[in-house]
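First up is the structure itself, then whatever we jot down about it.
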Amino acid sequence: MSQTSTCSRRRFMGTTAKWVAFIPAAGLIARGAAAQTRLEETHPTAVALGYRHNVADVDVTRFPKRNTPEGKTQFCDNCIHYNTAEEQDGWAPCAIFPGQTVAAKGWCNVWVVKPAT
Ligand code: SF4
Numbered sequence: 391m392s393q394t395s396t397c398s399r400r401r402f403m404g405t406t407a408k409w410v411a412f413i414p415a416a417g418l419i420a421r422g423a424a425a426q427t428r429l430e431e432t433h434p435t436a437v438a439l440g441y442r443h444n445v446a447d448v449d450v451t452r453f454p455k456r457n458t459p460e461g462k463t464q465f466c467d468n469c470i471h472y473n474t475a476e477e478q479d480g481w482a483p484c485a486i487f488p489g490q491t492v493a494a495k496g497w498c499n500v501w502v503v504k505p506a507t
């Protein structure tokens, strides 16, 4: 095998290794950015579940449970699906809306109490 061929192979392997290392890192960056997208109230699933950024805007005719004494204590930030550990500026990821964040003082019809820690 010639020295030129060995050199080319080393250069190729070095370049390839750099790209292989870069691709997963780029994926993490992309997923992180996607997780920062705030849920729009017009999102079809948000509309179906009655999600509103501010509980005062919930349509209690469609979702009367939000208007009960127990319902009035329900907010995204005390829902099991709200990822409090990643909350920033009153918004955090919600398991029901992958890649989206919801408002701490929002609400939707699949609210479930967050267990005490
Ligand atoms: S599932 Fe919970 S955290 Fe997510 S939008 Fe509904 S009430 Fe808020």
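Last residue of the sequence shown? That's 507 in our numbering, and every number before it is there in order. Positions of the beta carbon are idealized from the N, C-alpha and C atoms, including for glycine.
Please report the Cβ distance between residue i and residue j, rounded to the nearest whole angstrom; I am assuming they are in contact, meaning their Cβ atoms lie under 8 Å.
{"i": "Glu430", "j": "Ala438", "result": "Glu430 to Ala438, Cβ: 13 Å. No contact."}
{"i": "Arg428", "j": "Gln478", "result": "Actually they do not touch by this definition, with Cβ atoms about 11 Å apart."}
{"i": "Gly461", "j": "Asp449", "result": "Actually they are not in contact, since the Cβ atoms of Gly461 and Asp449 sit about 13 Å apart, beyond 8 Å."}
Can you tell which of the options has its C-alpha closest to the C-alpha of residue i?
{"i": "Thr476", "options": "Val450, Thr463, Ala493", "result": "A quick correction: the sequence has Glu, not Thr, at residue 476. Glu476 has its Cα closest to that of Ala493, out of Val450, Thr463, Ala493."}
{"i": "Lys504", "options": "Asp479, Ala446, Cys466", "result": "Cys466"}
{"i": "Lys495", "options": "Ala482, Ile486, Gly489, Pro488", "result": "Ala482"}
{"i": "Val499", "options": "Gln478, Thr432, Arg428, Val445", "result": "First, the residue type needs correcting, since residue 499 is Asn and not Val in the sequence shown. Of the candidates Gln478, Thr432, Arg428, Val445, the one whose C-alpha sits nearest the C-alpha of Asn499 is Val445."}
{"i": "Pro434", "options": "Gly461, Phe487, Lys462", "result": "Phe487"}
On the CB-based measure, 16 or more other CB atoms within 10 Å of its CB, does residue i come out buried or exposed?
{"i": "Ile470", "result": "exposed"}
{"i": "Thr507", "result": "exposed"}
{"i": "His443", "result": "buried"}
{"i": "Arg452", "result": "exposed"}
{"i": "Gln464", "result": "buried"}
{"i": "Val502", "result": "exposed"}
{"i": "Trp497", "result": "buried"}
Start and end of the alpha helix (DSSP H) containing residue i?
{"i": "Thr435", "result": "434 to 438"}
Which runs of the beta strand (DSSP E) fall wholly inside the segment 453 to 490 and span at least 3 residues, in chain order?
-> Qualifying beta strand (DSSP E) stretches, in chain order: 481 to 484.
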